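Structure record follows, encoded as structure tokens.
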Amino acid sequence: MFATIPEALEELRAGRVIIVVDDEDRENEGDFIAAAEKCTPEIMNLMIRYGSGFVCAPMTGQRLTQLGIPMMVEHNTARLGTAMTVTVDAREGTTTGVSAHDRACTVRVLADPAARPSDLSRPGHIVPLRAVEGGVLKRCGHTEAAVDLCRLAGLQPVAVLAEVMNEDGTMARVPQLEEYAKRFGLKMITIADLIKYRRRTERLVTRVASTELPTRSYGTWYVHAYESSVDPFPAIALVKGDVATSEPVLVRVHSSCLTGDLIESLRCDCGDQLHLALQRIHNEGR
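Counting in our numbering, the sequence shown tops out at residue 355, every number present.
Structural data, given as structure tokens:
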């Protein structure tokens, strides 16, 4: 039923549309998604006729800044926090801006690295969307999925999407989405699979500092500090001895506790657990 993420990426590179499905406990909907730089009038017509007709262009915040596109509202109160900006049209190559040809032209301009703010008119008929930095690992929405997929495909991080609807005006769910996928020969993936793919294939943590740490009771350790692209809080690793061998080593994952770790609070045993782990690793030598 569902394609793999690499298969979906190949479709985007080839200039084809895919269907992306989110979780049942979220919107429980599917979106037509394509790379903005590959958008044609035919792709746009598919999204207008068989999608909601409300065509959006997800992109990074950096790209929005480059194009001088502000957010639609100062305080977003949308149920799912969809970050819409003011609408735009391409200044050149369009007429009214509403036709499939014109909207495809606008979307391609949004993805053009050489485009400037003066290449767009406001308001228009395409709604750019601001993706959260960190993508689906920070927010599991279609906006972030679309930008992540374009980036992973080696394309400009600008996409075009529209929600898939049934002919009676209701939102298409998985059974109907499968019918659309079969009818138009489209690959279908889930955001859940994209999250798994990114976690499996990307390096999300980076070492930023290391130093030697002599201690009073547990000998000398090395401290390594790490930053994550999807978590604002740093992580610290205390390493004793040579852990690069194939032999298993003792490991403790410790959650920071200010009162327990630093002032030996009697309200918890966090400090006791930490010192016990340090002592055992010290005794083991690594």
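Ideal Cβ placement from N, Cα and C applies to all residues, glycine included. None of the values given here were measured: they were computed from a predicted structure.
Short Cβ contact (8 Å threshold) for residue i with residue j
i: Val-157; j: Pro-197; result: yes
i: Thr-175; j: Ala-152; result: no
i: Thr-229; j: Leu-246; result: Note that residue 229 is Val in the sequence shown, not Thr. No, these two residues do not count as a Cβ contact at 8 Å.
i: Pro-186; j: Gly-137; result: yes
i: Arg-172; j: Val-227; result: no
i: Cys-209; j: Asp-92; result: yes
i: Phe-71; j: Val-86; result: no
i: Arg-199; j: Thr-154; result: yes
i: Ala-104; j: Ala-222; result: yes
Where residue i sits in the DSSP three-state scheme
i: Ser-187; result: helix
i: Ala-215; result: helix
i: Asp-158; result: strand
i: Ile-117; result: helix
i: Lys-207; result: coil
i: Lys-256; result: strand
i: Leu-327; result: helix
i: Gly-130; result: helix
i: Arg-220; result: helix
i: Leu-136; result: helix
Span of the alpha helix (DSSP H), counted from its first residue to its last, around residue i
i: Phe-253; result: 243-253
i: Leu-347; result: 339-353
i: Tyr-266; result: 260-270
i: Cys-174; result: 169-180
i: Arg-82; result: 74-82
Where the beta strand (DSSP E) through residue i begins and ends
i: Ile-102; result: 99-104
i: Arg-148; result: No beta strand (DSSP E) contains Arg-148, which DSSP labels as neither H nor E.
i: Leu-282; result: 274-283
7 Å CB neighbourhood of residue i in its chain, flanking five on each side removed
i: Ala-169; result: Pro-110, Met-113, Asn-114, Ile-117
i: Leu-319; result: Arg-349, Ile-350, Glu-353
Same chain only: Cβ atoms within 6 Å of residue i, ignoring 5 sequence neighbours per side
i: Gly-354; result: Gly-310
i: Thr-275; result: Glu-296
i: Gly-204; result: Glu-213, Asp-217
i: Lys-207; result: Val-201, Val-299
i: Asp-188; result: Arg-160, Val-178
i: Met-280; result: Correcting the residue type first, residue 280 is Thr in the shown sequence and not Met. So the list reads Val-292, once near-sequence residues are dropped.
Exposure label - residue i; buried when at least 16 CB within 10 Å
i: Met-257; result: buried
i: Gly-329; result: buried
i: Gln-225; result: buried
i: Arg-272; result: exposed
i: Lys-107; result: buried
Close beta carbons around residue i, own chain, < 8 Å, minus the five adjacent residues each side
i: Leu-250; result: As written in the sequence, residue 250 is Ala, which differs from the Leu given in the question. Once the five neighbours on either side are set aside, the close Cβ partners of Ala-250 are Ile-88, Lys-256, Met-257.
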